[in-house]
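Below is one structure, written out as structure tokens; comments come after it.
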Amino acid sequence: MIYRLSEKQKKEAEDRIRRLITQRGHIYRYGTYENKFSKLVVYCPKPTHNRQYHTTFDNYRRCKTGLECCGNEQKSKKLTGRIFSPETLTKMSESAKKRPLRGGQPRRWRETYDYRNWKFKVCQKWGKECAITGRKYGLEVHHLYSATKYTTLVYEQLNGILLSAELHSLFHRTCPNKFCTLNDFRQFLLGLINPEVMLPIRAKRIRKRTNLVFKLISSQAKGRKPLEGSETRVYDRNKVMQLHERLGKIDVELTKKLQQAKNKNSEDLS
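Just so we're aligned, residue 4 is where the sequence shown starts under the working numbering, counting upward by one.
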């Protein structure tokens, strides 16, 4: 069975966060604790801030000051009046000259507008839920064809799929190729349908910031008792098979696009 918090545990967790909100001088607006990803709305009454923020219970707890405005204020106070030595100023100047010009673009390509827009469209396409389990929280977007190697498909909507963070991590841990393809992911799905294939995988902690530990994929195996807290037993084998077939059709379309890009590149070189 899936582990769920009792009503008592939920209330205790919510009370802890609400006490923390009061300690930080903020005002609780609304939000009900169901899990760490539950939405929370907090208001900062400071005259210079006077703003309401939408966050989650876990993000508010983990943030040192709780809200962005207070964090920026704290940094500003630390930097106010700071005097740098001539040596430090020289080093800062040299570093600035060596730093490549980004033309106003973000440092990381995953922070660009194009990537964010692609991610939004992929989430919409897959109904804002994990394509395998149907879970609606703790999700990540996965490139079916590696974004590193298949650059022409980086922002192709068909080249994205929405997965739970645990299954996404598990795929990359078990994928035999450095630059994954859609076929690699389809083989991964076959492993979910036939659990014995995945038996060598041992329980591993997926994320340090959570208590969630990914159990043996064999919890789906016939005659085996489902492991407590396992994410794997919540997916439906028929749904996985349908997804496998759907991705087969998508692969045909993406292969065509790759071939078109290859032909165009050949024409440009000739």
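For every residue, glycine included, the Cβ atom is placed at its ideal position computed from N, Cα and C.
Fair warning: this is a prediction, and the values are worked out from it, not measured in the lab.
Exercise for review: Could you have a look at Q102 and say whether DSSP puts it in helix, strand or coil?
Suggested key: Along the sequence shown, one-based indexing puts residue 102 at 99. Correcting the residue identity first, residue 102 is Arg in this sequence and not Gln. The answer is coil: DSSP assigns R102 none of H, G, I, E or B.
Exercise for review: Please determine, among L193, I135, R119, L43, the residue with the shortest C-alpha to C-alpha distance to Q55.
Suggested key: The sequence position of residue 55 within the sequence shown is 52, counting from 1. When each option's Cα is compared against that of Q55, the closest is L43.
Point to revise | Three-state class that DSSP yields for G163 in the structure shown | key: Position 160 of the sequence shown, counted from the start, is the residue given in the question as residue 163. G163 falls in the strand class under three-state DSSP.
Review point. Can you check whether the CB of Y148 is closer than 7 Å to the CB of T184?
Key: Within the sequence shown, numbered from 1, the residue matching residue 184 stands at position 181. Within the sequence shown, numbered from 1, the residue matching residue 148 stands at position 145. Note that the C-beta distance between T184 and Y148 is below 7 Å.
Practice item. Would you tell me roughly how many angstroms separate the C-alpha atoms of C178 and K122, rounded to the nearest one? Key: Along the sequence shown, one-based indexing puts residue 178 at 175. Along the sequence shown, one-based indexing puts residue 122 at 119. Distance between the alpha carbons of C178 and K122 is about 22 Å.
Point to revise | Coarse secondary structure for V243, derived from DSSP in three states | key: One-based indexing of the sequence shown puts residue 243 at position 240. It is helical.
Practice item. Report back the beta-carbon spacing between I164 and W112 to the nearest angstrom; my notes put them in contact at under 8 Å. Key: As a position in the sequence shown, residue 164 is number 161, starting the count at 1. As a position in the sequence shown, residue 112 is number 109, starting the count at 1. Not quite, the Cβ-Cβ distance comes to about 19 Å (not below 8 Å), so this is no contact.
Practice item. Select from S79, R27, G141 the residue whose C-alpha is nearest the C-alpha of S41. Key: On the sequence shown, position 38 is the one that residue 41 refers to. Nearest of S79, R27, G141 to S41, Cα basis: G141.
Review point. DSSP puts K42 in a beta bridge; with which residues?
Key: Residue numbering aside, residue 42 sits at position 39 when the sequence shown is read from its first letter. Beta-bridge pairing links K42 to T59.
Review point. For S269, which residues of its own chain have a beta-carbon under 8 Å away from its beta-carbon, when the five flanking residues on both sides are left out?
Key: Taking the sequence shown and counting its residues from 1, the one referred to as residue 269 is at position 266. The answer is none, since no qualifying residue turns up.
Review point. On the three-state DSSP scale, how would you describe Y33?
Key: The residue you call residue 33 lines up with position 30 of the sequence shown. Three-state DSSP puts Y33 in a strand.
Practice item. For R32, I'd like the list of residues in its chain whose CB is within less than 8 Å of its CB, leaving aside the five on either flank, ordered along the chain. Key: Your numbering for residue 32 matches position 29 in the sequence shown. V44, V45, Y46, Q55.
Review point. Cα separation between S172 and V144?
Key: The residue labelled residue 172 in the question sits at position 169 within the sequence shown. The residue labelled residue 144 in the question sits at position 141 within the sequence shown. The straight-line gap from Cα to Cα measures roughly 11 Å.
Review point. So what's R7 in DSSP terms, helix, strand or just coil?
Key: Counting from one through the sequence shown, the residue named residue 7 turns up at place 4. Under the three-state reduction of DSSP, R7 is assigned to coil, being neither helix nor strand.
Exercise for review: Kindly list the residues whose CB is nearer than 8 Å to the CB of T59, restricted to its own chain and excluding five residues on each side of it in sequence; keep chain order.
Suggested key: On the sequence shown, residue 59 is found 56 positions in, with the first residue counted as 1. Taken in chain order, the residues that qualify are K39, F40, S41, K42, L43.
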